[in-house]
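Residue numbering for the sequence shown follows this note's numbering, beginning at 52 and increasing consecutively. Even for Gly, the Cβ is constructed at its ideal location relative to N, Cα and C. These numbers were taken from a predicted model, which means no experiment stands behind them. Have a look at the structure below, then the notes.
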Amino acid sequence: MGRPPVGTKRGPSPVVRARVPQALKDRLHALAERENRDESDIVREALAAYVKVRQVS
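So this is what it looks like as structure tokens:
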């Protein structure tokens, strides 16, 4: 039951919560609508890129 896991691995998908300014949330929403994507997909992609650039494993 519940939501399916994210990504290729099976098992639970942890949740990361963060507060952002309303203006950033509005821009994220507009981008998601324009690209016909979920906001969470964009956030996951951005976080993965951020971590990769800083070489955090």
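(request) Compute the Euclidean distance between the alpha carbons of residue 94 and residue 67, then round it to the nearest angstrom. (result) Approximately 10 angstroms, taken between the alpha carbons.
(request) Answer yes or no: do residue 90 and residue 98 have a C-beta to C-beta separation smaller than 7 angstroms? (result) No. Outside cutoff.
(request) Identify whether residue 66 lies in helix, strand or coil by the three-state DSSP scheme. (result) In the three-state DSSP reduction, residue 66 falls in the coil class, being neither helix nor strand.
(request) Compute the Euclidean distance between the alpha carbons of residue 62 and residue 71, then round it to the nearest angstrom. (result) In this structure, the straight-line span from the alpha carbon of residue 62 to that of residue 71 is close to 28 angstroms.
(request) Consult DSSP for residue 71 and reduce its assignment to one of helix, strand or coil. (result) Coil.
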